[in-house]
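One structure is given below, encoded as structure tokens.
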Amino acid sequence: MPEEVSTSPHEERERYGWWENTITPHTDVHAAWSSALSRSVDVDEDTGAPSTLGFIRVDHLERSLLATSASMAQLPLRTNPRGWELTAHPSLESRRTAGFLREATDVAEELVAGHAQRMLLHVLGPWSFGVSVEYAGHPLLRDKPAFRDCALSLGDGVREFAGQLRASLGVDVSIVLHEPRVSEVLAGVRGATDFEHLPPVDREHVRGVWQRFLRQVDLPVILDCEGELPQQLGEGIEGFERVVIPASQARTTAGKDFVGDLLARGVRIGWVPGGRELGVGGKSGASAVEQQAAAIATDVVRQWDQWTLEPEMLPHALDLVVPEGVRSVAEASTQAAIIRSAAALIWHN
Numbered sequence: 007m008p009e010e011v012s013t014s015p016h017e018e019r020e021r022y023g024w025w026e027n028t029i030t031p032h033t034d035v036h037a038a039w040s041s042a043l044s045r046s047v048d049v050d051e052d053t054g055a056p057s058t059l060g061f062i063r064v065d066h067l068e069r070s071l072l073a074t075s076a077s078m079a080q081l082p083l084r085t086n087p088r089g090w091e092l093t094a095h096p097s098l099e100s101r102r103t104a105g106f107l108r109e110a111t112d113v114a115e116e117l118v119a120g121h122a123q124r125m126l127l128h129v130l131g132p133w134s135f136g137v138s139v140e141y142a143g144h145p146l147l148r149d150k151p152a153f154r155d156c157a158l159s160l161g162d163g164v165r166e167f168a169g170q171l172r173a174s175l176g177v178d179v180s181i182v183l184h185e186p187r188v189s190e191v192l193a194g195v196r197g198a199t200d201f202e203h204l205p206p207v208d209r210e211h212v213r214g215v216w217q218r219f220l221r222q223v224d225l226p227v228i229l230d231c232e233g234e235l236p237q238q239l240g241e242g243i244e245g246f247e248r249v250v251i252p253a254s255q256a257r258t259t260a261g262k263d264f265v266g267d268l269l270a271r272g273v274r275i276g277w278v279p280g281g282r283e284l285g286v287g288g289k290s291g292a293s294a295v296e297q298q299a300a301a302i303a304t305d306v307v308r309q310w311d312q313w314t315l316e317p318e319m320l321p322h323a324l325d326l327v328v329p330e331g332v333r334s335v336a337e338a339s340t341q342a343a344i345i346r347s348a349a350a351l352i353w354h355n
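Basically the working numbering = 1-based index in the sequence shown + 6.
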């Protein structure tokens with residue numbers, strides 16, 4: 007591991023401090039935005055970075071990440087017994103999803119404009135979309151021309167939707183590209199039946215599609231595989247603004263070296279605390295939040311020291327992330343408070 011690393015690759019870029027990957031059970035859009043603002047913007051902690059508000063995510067089939075991403079790309083979908091499939095014309099589900107995005111944007115103009123400086127727009131990445139949606143009875147990924155067209159539509163649609171948010175809300179927009187199924191893509195995906203199997207996709211092709219998406223949206227993009235980043239994708243990942251890494255990935259020597267090498271090359275990471283680190287173990291109140299935040303910050307500093315990287319790089323190279331999950335309003339508030347407080351401790355360390 008290199009012992010001396012220039013801080014410039016990290017310090018020249020903007021910090022986030024922390025963000026959340028939280029889905030709430032709200033049925034009312036006003037309430038969902040108000041809750042998100044209370045967790046992310048109307049807070050007291052100083053993390054050394056402007057507050058970052060996530061575009062609301064709610065726990066409903068027609069408002070899922072897949073559905074909203076398809077709607078941004080104007081790709082009509084309908085449900086089938088196995089999940090989702092492309093259709094020639096907008097279905098009732100597609101129209102409802104489009105209606106949700108319109109309502110969410112309209113309400114944001116009322117509640118968010120003038121209160122938030124930055125927004126994270128969560129979208130499903132092209133590879134996970136390609137294996138989660140069917141086309142003509144098979145995974146979309148099987149039809150290469152159709153997959154390419156949909157991936158291009160996704161990039162164009164996300165860029166356009168983000169542009170609308172910037173114009174109407176006056177916020178800087180970053181994209182969180184969720185790729186929870188990219189490991190399956192690299193290993194080979196089972197098709198719509200037990201007898202169908204898609205061959206593994208070469209890692210260079212995976213990275214190539216991502217790079218095309220980055221060029222299309224022309225905005226900061228955070229890569230989140232919702233689990234460990236496959237090590238074969240570590241090379242050529244520098245185009246992303248951040249790469250989300252769970253703490254579990256650094257538990258082995260190989261994983262620790264892999265993450266340390268990313269940091270040494272100037273890759274900035276979103277660190278997801280895991281296991282005992284998140285949650286208050288049945289306790290409640292400010293003291294329990296403070297204890298958990300202190301434990302997370304201590305663990306991060308200890309891990310950083312093991313990488314033998316310059317201490318002053320830490321707050322510029324590593325942000326904290328509330329992990330992907332569906333949470334009640336109270337749980338979302340508690341976990342956001344823990345991560346916010348831990349990020350503030352790291353900043354002032």
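All C-beta atoms, glycine included, are put in the ideal place defined by N, C-alpha and C.
According to the DSSP secondary-structure assignment, Leu130 is paired through a beta bridge with His184. Taking Pro206 as reference, the option from Val215, Arg218, Val188 and Phe219 with the minimal CA-CA separation is Val188.
Within its own chain, the residues whose Cβ lies closer than 8 Å to the Cβ of Ile275, once the five positions on either side in sequence are excluded, are Arg248, Val249, Val250, Ile251, Val265, Leu268, Leu269, Ala323, Leu324 and Asp325, listed in chain order.
Of the residues Ser174, Phe167, Cys231 and Gly272, the one whose Cα lies closest to the Cα of Ser77 is Phe167.
In this chain, the beta strand (DSSP E) harbouring Arg248 covers Arg248 to Pro252. Here Pro151 is exposed: its Cβ has fewer than 16 other Cβ atoms, across all protein chains shown, within 10 Å. Within the same chain, and ignoring the five residues on either side of Gln217 in sequence, the residues whose Cβ sits closer than 7 Å to its Cβ are Gly245.
Contact annotation: the segment 304–312 does not touch the segment 45–58, with fewer than three C-beta pairs closer than 8 Å. Here Val195 has Val137 and Leu204 as same chain residues with Cβ atoms under 6 Å from its own Cβ, once five neighbours each way along the sequence are excluded. In the displayed model, Val227 falls within a strand according to three-state DSSP. Fewer than three beta-carbon pairs drawn from the segment 58–65 and the segment 87–100 are found closer than 8 Å, and the two stretches are therefore not classed as touching.
A residue is called buried once 16 or more other Cβ atoms fall within 10 Å of its Cβ, and Asp230 is buried on that count. Residue pairing by DSSP places Asp155 in no beta bridge whatsoever. Thr74 sits in a helix when the DSSP states are folded into three classes.
The beta carbon of Ala114 is closer than 7 Å to those of Trp39 and Leu175 in its chain, skipping five residues each way along the sequence. If you draw a straight line from the Cα of Thr30 to the Cα of Pro279, it comes to about 20 Å. Restricting attention to Leu320, Ala299 and Glu296, the CA atom closest to the CA of Val307 is found in Leu320.
Cβ contact annotation for Val118 (same chain, cutoff 8 Å, sequence separation greater than five): Trp39, Leu43, Leu59, Met125, Leu175 and Val177, in chain order.
Counting only the Cα atoms, Asp65 lies some 31 Å from Ala256. With a contact defined as Cβ atoms closer than 8 Å, Ala303 and Ile344 miss out at about 10 Å. The DSSP-derived three-state label of His322 is helix.
When the Cα atoms are used, Leu130 and Glu68 turn out to be separated by approximately 14 Å. Distance check between Ala110 and each of Glu140, Leu160 and His32 places His32 closest, using alpha-carbon atoms only.
Residue burial is scored here from C-beta neighbours: Gly161 has at least 16 other C-beta atoms within 10 angstroms and is therefore classed as buried. For Trp90, the enclosing beta strand (DSSP E) covers residues Gly89 to Leu92.
Here Ser41 is buried. Its C-beta has 16 or more other C-beta atoms within 10 Å. Boundaries of the beta strand (DSSP E) harbouring Thr58: Thr58 to Gly60, taken from the DSSP string. Taking the Cα positions, Leu192 is about 20 Å away from Tyr141. Annotation: the continuous beta strand (DSSP E) that includes Val139 extends over Val139 to Tyr141.
When beta bridges are read from the DSSP output, Gly276 appears opposite Val250 and Asp325. The beta carbon of Ser254 is closer than 6 Å to those of Gly280 in its chain, skipping five residues each way along the sequence.
In this structure, Glu51 places its C-beta atom within 7 Å of the C-beta atom of Arg346. Arg333 sits in coil when the DSSP states are folded into three classes, being neither helix nor strand. Beyond the five residues adjoining it in sequence on each side, Ala122 comes within less than 6 Å, by CB distance, of Val47, Leu59 and Val177 in the same chain, given in chain order. Distances from the CA of Arg101 to each of Leu158, Glu190, Arg63 and Gln80 were compared; the closest alpha carbon is that of Gln80.
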